[in-house]
Amino acid sequence: MAVLDRLVGLMQFTSVAYLVFLVLAVLAYFVLPGPRTRAVWLLVLSSAFYLLLSPRSFWILIVVTAFAYAAGHVIGALRTEREGAPPRMRDKLALGLGVMTVAGTLIVFKYLGLIAEVGNGLLQTLSLPFSPSVTRLLLPIGISFWTFQTIAYLVDVYRGTTAPEKNPLYYALAVMFFPIVTAGPITRVQNLLPQLRQRHRFDYGAMQSALLLIGRGFFKKLMVADRLGVFVDTVFDSPYDHSGTGTGLIFSVAALFFAIQLYCDFSGYTDIVRGSARLFGVELPVNFRAPYFARSVRDFWRRWHITLMDWLRDYVYIPLGGNRKGRARRVINIMVVFLVSGLWHGAGITYLIWGALNGAYLVAGDLLAEVRAYLVRALRIDRASVGHRVFQTVSTFGLVTLAWVFFRAESLADAAYIIPRMFVPTVWIFTDGTMLEQGLSCAELMIALMSAAIIWLTDWLSLRTDLLMHLNRQHPSLRWAVYYGLILVVVVFGHYGGTYDAAEFVYFRF
Amino acid sequence: MRQSSSTSGSRVRRLTQSALFMAGLAILLGVAHFVFLPRHDRDQLWTTYRALPRDSVQVLFIGTSLIHANVNPVMIWEDSGIRSYALSGSEQSLPTTLEYLRQALCTQTPDVVVLDLQMLSLDNAILRENQKRANFTMMPLGLPKIRGVISGSPAGEWTGYLIPLEQFHSRWSELTRADFDPHKWSTLSANMFLGYRMTHRIEPQQPTTDRRALDEDVYAHNYRYISEICQLAEYAGAEVLLLVGPSSRVNVHDEWIERLDRDMARDHPGAELLQSQLSTQTIGLDYATDYYDQWHLNTTGAEKYSVWLGRELAGSYTLSHPQLDTDLDAMWRAELIRYRQALEDQ
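If you read the protein sequences in the order shown, they are chains A and B. Just so you know, we're using the working numbering here: the first sequence kicks off at 1 and counts up by one. Just so you know, we're using the working numbering here: the second sequence kicks off at 511 and counts up by one.
Pasting the structure below:
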């Protein structure tokens, strides 16, 4: 364990060590014969990868995976006894036990501290002389992701939409596959298994597109996310330092930068892991589809963290009745989904409010649909006009960014302090040097903003064409120039290495 | 058949393309490496050492800046005819010094290894990051470097030490035209002579002693590496001399030295201890004129000290190839001429 503890920190997705690991892993993968040997190799790699990230919580992942494998078999066996018949009480009990055990693991490790705090607060309010102390447990990396994936598997087995996996090797690999184990995308086991069983041939085109995807991820994370993160941290970690100096607008800038940072961080991570998986012939689901081009909050949630929203739709919203049980129930269901989403992101009141606010946006959007339609008609607004579309996109982005303040703020008091000040028009912050007092030099800020503009442009283009495919069709000299340019820009201007404090991916905390 | 040959042709074409692409990338990153690596006087420490004729070094000095600031191999050679080299790094930890020695023994078989004891009482945890980085960066890539990096830094920093571009790419904002001049990448520094770094500044000193009580943990950790250095040197057929430098501020307290002396007599009876801080008057060092700070000697101080040290070594050890051999001594002779020229230029 001491040796493993010494190695913690080596395997970051944006490190040279990870690239070396990936190259060696891919080379060995295609040298090995047969899918089964390759699966063993991937499982060994995945275990080593998780051990290097979080050696002390590896056993939790193993236990949960083993339990889910066994539970899947029990549930599957019960359901096949009476195929087609409605589920009996013991079928439901088996599923309930399985899901509660997996969810219980998540609750114990992630929410016990919060529950204890709330409980202690209540006991204090009631002036009871009893105050249980609960130690916050070390949060296993990726627990929110692999528990959700496991729950989906158990429910799907129960529903009969997937058969329980017979081979424990393949099942373990589907849960522990190193590109997804830390922060998703939340991939359904039944989508992964056939791909893991298949014998993949070395495909030059797939390798090329995978490497480009990884390169794009590095660009997003190292050029934009980690750089803007310095500015965002300076403002959000100590908001009161910015009081009384007439710098209210700095909070708006920081919130805007956080919106960009979070997108580049999480979508950058997703690009890297999707590219990594593609190197082994595994196609992971898309998690982002140019979300800041959304024209409504509902549209935004169809484009942002798609795999989580799909999960919430399939395993929370629809089982609750979805939109089939009247308007009031639909409103409640939406709010439940977003409250669960908020809590899933973090055990804190700010995440809960963030979720509630997004739910409220959707509910308000629904309730005001007719009013908006009336206004559009009355003001003779052309819905297809560029102006209207820009207005919708900008207003959606504004609403989402406002909600991000709760997501990023250290406490509710901080958020309450920041939000009113965001709208104080202290425009002089752009000329009096305030912008350059937030941890980034002018050059660093310029690099971050120019890189963000490039990402914005490529996102916009990606709505019209498959950019990577388009690039692959170009003359080699042009392609190579792009590749070399991308690599050199990231190597030279990237926010990594000894003099920078490399930040872990934001979603690793969840 | 035709299809199979066209498939294999396409595979060969793609493999060639990939190889060409990787070669181009290697060249690009190689140029970036040279541009971004900061230029220091001490960059040539290892390149000069590796350019020495094989097995030509009789005495190898290793340790901290107390070696490369105080010990002038050119003066030692001129006065005593001993071919020596000062292979040290600033604030260099003992684990790193061990790896320096391991690497050094790949091309040289010195008769005596002189280890500076400055680090005996220092905790590795307080070493400055930039010094650690510089010491690792200077080392040629090889097993000793990899071992040194792994034992001397947290896992997250390993690749940064092994691939210096990762550490220094952030210099993009401070690059000047000189950084792009390929001529600068290979020019010998005017201040470096066989590992010795010349400094002319004079700063009068008052002799002081740090009263540092023996810390068992720090001592045990450091002694382990001193012992390993001795073992390695002995294995290579070299004798070991442990040296306390002539600093005006002595931080290796008597208590530490006495303990070390006892342990060395038990574990490495062949190793000697030379406390040069007790001989400053014999050496002729003047606190008013021979130091540039409380630890280090300036050019005149280093000359006096090196002459004294050379004579001590010549009197105590039997060295191989003692006569001036034209081929083996060529480098020392050339460096003496360069050193005299540098003094005149001042």
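Using N, Cα and C, we set each Cβ at its ideal position, and we do this for glycine too. In this text the structure is predicted, and so the values were computed from the model without any measurement.
Indicate whether at least one CB of chain A lies closer than 9 Å to the CB of residue i.
i	result
F678(B)	yes
S470(B)	Examination of residue 470(B) is not possible in this model, given that chain B is present from 511 through 856 alone.
Q527(B)	yes
W682(B)	yes
V522(B)	no
L539(B)	yes
G666(B)	yes
F703(B)	no
F531(B)	yes
F546(B)	yes
Does any C-beta atom of chain B lie closer than 9 Å to the C-beta of residue i?
i	result
Q539(A)	With chain A running from 1 to 510 in the structure shown, residue 539(A) is simply not present.
W480(A)	yes
A210(A)	no
A502(A)	The pLDDT assigned to A502(A) is 47, lower than 50, so where the model puts this residue is not dependable; a value taken from the coordinates is nonetheless given after this. Yes, A502(A) lies at the interface with chain B (some Cβ there is under 9 Å from its Cβ).
Y50(A)	no
S441(A)	yes
Q511(A)	In this structure chain A extends from 1 to 510, so residue 511(A) is not present and cannot be described.
G26(A)	In the sequence under discussion, the amino acid at residue 26(A) is Val, which differs from the Gly named in the question. Not closer than 9 Å to any Cβ of chain B, the Cβ of V26(A) fails to qualify, so no.
V20(A)	yes
Which of helix, strand or coil does DSSP assign to residue i?
i	result
Y733(B)	helix
R657(B)	helix
Y595(B)	strand
M422(A)	coil
E370(A)	helix
Y153(A)	helix
T709(B)	coil
A502(A)	In this prediction, A502(A) has a pLDDT of 47, which is less than 50 and means its spatial position is unreliable; nothing more can be read from the coordinates.
D432(A)	coil
F703(B)	strand
D691(B)	coil
T187(A)	coil
G666(B)	helix
E854(B)	helix
Using a cut-off of 7 Å between C-beta atoms, extract the partners of residue i located in chain B.
i	result
G497(A)	G670, E676, Q677, H679, S680
S493(A)	With the sequence shown as reference, residue 493(A) is identified as Phe, and Ser is not the correct amino acid for it. Chain B residues near F493(A): W682.
R487(A)	Correcting the residue type first, residue 487(A) is Ile in the shown sequence and not Arg. Correct list: L535.
A369(A)	Here the premise fails: no neighbours, minimum Cβ distance about 51 Å.
Y204(A)	R524
Run through chain A and tell me which residues come within less than 8 Å of residue i, C-beta to C-beta.
i	result
A614(B)	Going along chain A, no residue has its Cβ under 8 Å from A614(B), so there is no contact; the nearest lies around 25 Å.
Show which residues of chain B have a CB atom less than 9 Å away from the CB atom of residue i.
i	result
Y269(A)	By Cβ distance, chain B contributes nothing, its closest Cβ being about 18 Å from Y269(A), past 9 Å.
At a CB-CB cut-off below 7 Å, which residues of chain A make contact with residue i?
i	result
I673(B)	V16
What separation, rounded to the nearest whole angstrom, lies between the Cα atoms of residue i and residue j?
i	j	result
N582(B)	G755(B)	13 Å
V63(A)	Y735(B)	42 Å
T65(A)	L343(A)	23 Å
M511(B)	S520(B)	Confidence is the limiting factor: at M511(B) the pLDDT is only 45, short of 50, which leaves the residue's position unreliable and the question unanswerable from this model.
I745(B)	R593(B)	With the sequence shown as reference, residue 745(B) is identified as Tyr, and Ile is not the correct amino acid for it. Cα to Cα, Y745(B) sits roughly 21 Å from R593(B).
L547(B)	D691(B)	12 Å
G96(A)	P86(A)	16 Å
V286(A)	N701(B)	58 Å
A378(A)	F257(A)	36 Å
G652(B)	L539(B)	20 Å
C264(A)	A17(A)	22 Å
D589(B)	S566(B)	17 Å
Can you pull the chain B residues whose beta carbon is under 8 Å from the beta carbon of residue i, in chain order?
i	result
P476(A)	Q527
Y484(A)	G534, L535, L538
A225(A)	Chain B residues near A225(A): none, gap ~17 Å exceeds 8 Å.
Along chain A, in chain order, which residues have C-beta atoms closer than 9 Å to that of residue i?
i	result
A542(B)	L488, V491, V492
Practice task
Kindly confirm or deny that the segment 286-301 of chain A and the segment 395-405 of chain A touch, where touching means at least three C-beta pairs closer than 8 Å.
Solution key: yes
Practice task
Say whether the segment 235-243 of chain A touches the segment 402-421 of chain A, bearing in mind that this needs 3 or more beta-carbon pairs closer than 8 Å, one atom from each stretch.
Solution key: Flag = yes, the segment 235-243 of chain A and the segment 402-421 of chain A touch.
Handout entry: Contact between the segment 176-196 of chain A and the segment 139-159 of chain A (3+ Cβ pairs under 8 Å)
Key = yes
Practice task
Check whether the segment 107-115 of chain A touches the segment 148-162 of chain A, taking contact to mean three or more Cβ pairs, one atom from each stretch, closer than 8 Å.
Solution key: no
Exercise for the section: Give a yes or no on contact between the segment 226-235 of chain A and the segment 437-457 of chain A, applying the rule of three or more CB pairs nearer than 8 Å. Expected result: Yes, they touch.
Practice task
Please determine if the segment 807-827 of chain B and the segment 600-615 of chain B are in contact, where contact requires at least 3 C-beta pairs separated by less than 8 Å.
Solution key: Counting Cβ pairs under 8 Å, fewer than three are found: no touch.
Handout entry: Inter-stretch contact at 8 Å, needing at least 3 Cβ pairs: the segment 704-718 of chain B / the segment 567-578 of chain B
Key = yes
Problem - At least 3 beta-carbon pairs within less than 8 Å: the segment 786-806 of chain B vs the segment 836-851 of chain B - result: no
Problem - Touching by the beta-carbon criterion (3+ pairs, under 8 Å), the segment 13-27 of chain A and the segment 664-679 of chain B - result: The segment 13-27 of chain A vs the segment 664-679 of chain B: in contact.
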